[in-house]
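Let me begin by presenting the structure, written as structure tokens, before commenting on it.
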Amino acid sequence: MRWRLAGDSAATVDPAEEIEHLAPAVRSDRALAQRFRRFAAEECSEASDEGAGSRTYEILSETMANDPALLGMARRCRVGQPIPNLLFAAVKRTLACFPASELARHYRSAEAGGRQAPKLGRAFTEFALAHRDRIIQYLESRMVQTNEVGRCAYLLPGFLTIAAENPGSALALLDVGASAGLNLNWDEYRYRYSSGDEFGPTDSPVVIECDARNGLPELPTAFPQVSFRLGIDLAPVNLGDDEEHRWMQALVWPEHRGRAALLSAARDVWLRSQPTILQGDTLELLPDALRDVPKDAALCVFHCHTLNQFTPEARERFESILRAESMERVVYHIPSEGERVSLRKIVGGTAETLLTARRQVHGKWIAWDTDIRVSPE
Ligand SMILES: C[S@@+](CC[C@H](N)C(=O)[O-])C[C@H]1O[C@@H](n2cnc3c(N)ncnc32)[C@H](O)[C@@H]1O
């Protein structure tokens, strides 16, 4: 059975956090504290998204929220960046240089599945204040640029559905907000779904496991040829640079040992299959990039957790570019934003949704909607 699924629209994204778009000087302690508490409740708590949480950051968000000196540091985060994620990554990156510190011991224990000791908050505060200047340098210069290969587990059904619709054609991939471009190498990875379905090269060093909660749509098992791969990012990550790799590892939360291992393995693949990533704003680069896409390939534009960094107007312009392109050729679009991933097909300016699913943010599980109507948007 091929599922044709109803539901999602492309522009389903979380509203940007208002405080993150304010200049540092006007960010109040109260709003910053609220931001950390919301982060704890919505993103760290295990109940919020199974497997994506962090008890360590849940506790430390409360530590942050209660300490004006720590909030004074958080205030310095670069405009537009998710403040708690950036703050905790900056501390973790600094911590990598102090493996004997008490806080580093707490983080290692969390990574190994240990329970957090009550002294965690104090160790964090002491460490952060002792290394304030260095941490602030990261806050002012770095961005939250995760590159989660686990997400390929929920992109793959979209890519294979496009391949099934275009037998004999290669795919042309365009990743918007590609970061390092690890997800452009999705066809080099091995996939194991709880449904028993497996895909991809058996000798890949990257093995992605995913709980397919209600199975998978019917998919071809062989991967299509990929004739074009291109990413666009405001600040592409060069994983050939050890410091960039260390920053990316710092963005991985302490308990998420599996994610850290996947990142290292995907980096090994990346070092021998480095995709091209254009540096700049999507809205400026996408029209020209689309002109370079081979006409005989099935065009697939995808993005994960990127449009939340666009303004609402930019999201609308992005959608207009795709619709304009669809006057010339079929545009397949896989947006993975907010709570859902979808596969859209845009033809002659009109979009329909072919697949839609809820999924865990790092690809640990996916739950396809099983309504088999195509949904015009
Ligand atoms: C949270 S990361 C997600 C990275 C990757 N898509 C993944 O899922 O692993 C968002 C990425 O979008 C990029 N980005 C944000 N706004 C952008 C824009 N206007 N144009 C191009 N890239 C952008 C950021 O630089 C960042 O690398």
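Residue 31 is where the sequence shown starts when you use my numbering, and the numbers rise one by one after that.
Ideal placement from N, C-alpha and C gives every residue a C-beta, glycine not left out.
Once DSSP output is grouped into helix, strand and coil, what is the label at residue i?
{"i": "V267", "result": "coil"}
{"i": "G37", "result": "Bear in mind that a pLDDT of 32 at G37, under 50, signals an unreliable position, so the model cannot answer this."}
{"i": "H136", "result": "helix"}
{"i": "S372", "result": "strand"}
{"i": "R302", "result": "helix"}
{"i": "V56", "result": "helix"}
{"i": "C412", "result": "Summary: the structure shown does not reach residue 412, with the chain confined to residues 31 through 407, and so no result is reported for it."}
{"i": "R222", "result": "strand"}
{"i": "C16", "result": "The chain is shown from 31 up to 407; residue 16 falls before or after that span and cannot be answered."}
{"i": "G143", "result": "coil"}
{"i": "S257", "result": "strand"}
{"i": "F118", "result": "helix"}
{"i": "A202", "result": "strand"}
{"i": "F66", "result": "helix"}
{"i": "I307", "result": "strand"}
{"i": "A328", "result": "strand"}
{"i": "A397", "result": "strand"}
Which same chain residues end up closer than 7 Å to residue i when comparing Cβ atoms and leaving out the 5 residues on each side of it in sequence?
{"i": "A95", "result": "A63, F66, R67"}
{"i": "T336", "result": "V206, G207"}
{"i": "Y223", "result": "C240, A242, L246"}
{"i": "A134", "result": "L125, F128"}
{"i": "H51", "result": "V109, G110"}
For the beta strand (DSSP E) that residue i lies in, which residues bound it at each end?
{"i": "P247", "result": "Note, P247: premise wrong, no beta strand (DSSP E); not H, not E."}
{"i": "P365", "result": "361-367"}
{"i": "R189", "result": "Here residue 189 turns out to be Phe, not Arg, going by the sequence shown. Premise fails: F189 lies in the alpha helix (DSSP H), 182-195, not in any beta strand (DSSP E)."}
Measuring only the C-alpha atoms, how far is residue i from residue j?
{"i": "G270", "j": "N215", "result": "15 Å"}
{"i": "R85", "j": "L116", "result": "17 Å"}
{"i": "Y219", "j": "S234", "result": "6 Å"}
{"i": "R370", "j": "D322", "result": "29 Å"}
{"i": "L264", "j": "H363", "result": "20 Å"}
{"i": "V109", "j": "H161", "result": "22 Å"}
{"i": "R57", "j": "Q175", "result": "23 Å"}
{"i": "R359", "j": "T380", "result": "12 Å"}
{"i": "S372", "j": "L293", "result": "24 Å"}
{"i": "K394", "j": "P187", "result": "14 Å"}
{"i": "P98", "j": "P114", "result": "15 Å"}
{"i": "S257", "j": "L201", "result": "6 Å"}
{"i": "D311", "j": "E92", "result": "35 Å"}
{"i": "V377", "j": "R353", "result": "8 Å"}
{"i": "L249", "j": "C330", "result": "17 Å"}
{"i": "F253", "j": "K122", "result": "38 Å"}
Closer than 6 Å by C-beta to residue i: which residues in its own chain qualify, once you throw out the five before and the five after it? Chain order, please.
{"i": "L101", "result": "D59, L62"}
{"i": "D227", "result": "L246"}
{"i": "G230", "result": "Y219, R220, Y221"}
{"i": "L301", "result": "none"}
{"i": "L281", "result": "A119, T176"}
{"i": "L150", "result": "I89, H136"}
{"i": "R164", "result": "T124"}
{"i": "R389", "result": "Y184, V371, I396"}
{"i": "P284", "result": "T86, Y137, A140, E141"}
Kindly indicate the opening and closing residues of the alpha helix (DSSP H) around residue i.
{"i": "A104", "result": "98-104"}
{"i": "E314", "result": "312-321"}
{"i": "T380", "result": "Segment 380-389 is the beta strand (DSSP E) holding T380; no alpha helix (DSSP H) there."}
{"i": "H275", "result": "272-280"}
{"i": "I49", "result": "Neither: I49 is in no alpha helix (DSSP H) and is coded neither H nor E."}
{"i": "L214", "result": "First-last for L214: undefined, no H or E at that position."}
{"i": "Q167", "result": "162-171"}
{"i": "T176", "result": "Here T176 belongs to no alpha helix (DSSP H), and DSSP marks it neither H nor E."}
By Cβ distance, which residues of its chain are closer than 8 Å to residue i, with the 5 residues on each side in sequence left out?
{"i": "S75", "result": "G83, E88"}
{"i": "L313", "result": "A344, R347, F348, I351"}
{"i": "P266", "result": "A208, S209, A210, G211, I307, L308, Q309"}
{"i": "S225", "result": "A242, G245, L246"}
Find the nearest neighbour of residue i within the set the options, judged by alpha-carbon distance.
{"i": "R374", "options": "L185, L249, R276", "result": "L185"}
{"i": "P324", "options": "L301, E248, R259", "result": "R259"}
{"i": "V179", "options": "E239, A55, G368, E72", "result": "E239"}
{"i": "P247", "options": "W398, A265, L125", "result": "W398"}
{"i": "L159", "options": "A120, R181, A130, D311", "result": "A120"}
{"i": "Q255", "options": "A153, L133, D241, A194", "result": "A194"}
{"i": "T319", "options": "L203, A55, D163, H333", "result": "Per the sequence presented here, residue 319 reads as Ala, with Thr not at that position. That would be L203, whose Cα lies nearest to the Cα of A319."}
{"i": "F69", "options": "P342, L90, P305", "result": "L90"}
{"i": "C107", "options": "E367, A53, Q279, R145", "result": "A53"}
{"i": "A126", "options": "Q111, Q279, E72", "result": "Q279"}
{"i": "A142", "options": "F340, H286, V331, G368", "result": "H286"}
{"i": "T251", "options": "K394, D326, D298, D217", "result": "D217"}
{"i": "A13", "options": "F189, A183, S199, S171", "result": "The structure shown does not extend to residue 13, since the chain spans only 31 to 407, so no value can be given for it."}
{"i": "N338", "options": "G368, M357, D311", "result": "G368"}
{"i": "T386", "options": "P365, S224, V237, N268", "result": "P365"}
{"i": "A295", "options": "P305, V237, I376", "result": "V237"}
{"i": "D272", "options": "A291, F253, G288, R297", "result": "R297"}
{"i": "S171", "options": "G261, E274, E156", "result": "E274"}
{"i": "I166", "options": "R289, L384, N196, M103", "result": "M103"}
{"i": "P305", "options": "E156, S356, G261", "result": "G261"}
Between residue i and chain B, is there a C-beta pair that is closer than 8 Å?
{"i": "P342", "result": "As a matter of chain content, chain B is missing from the structure shown, which is built from one protein chain."}
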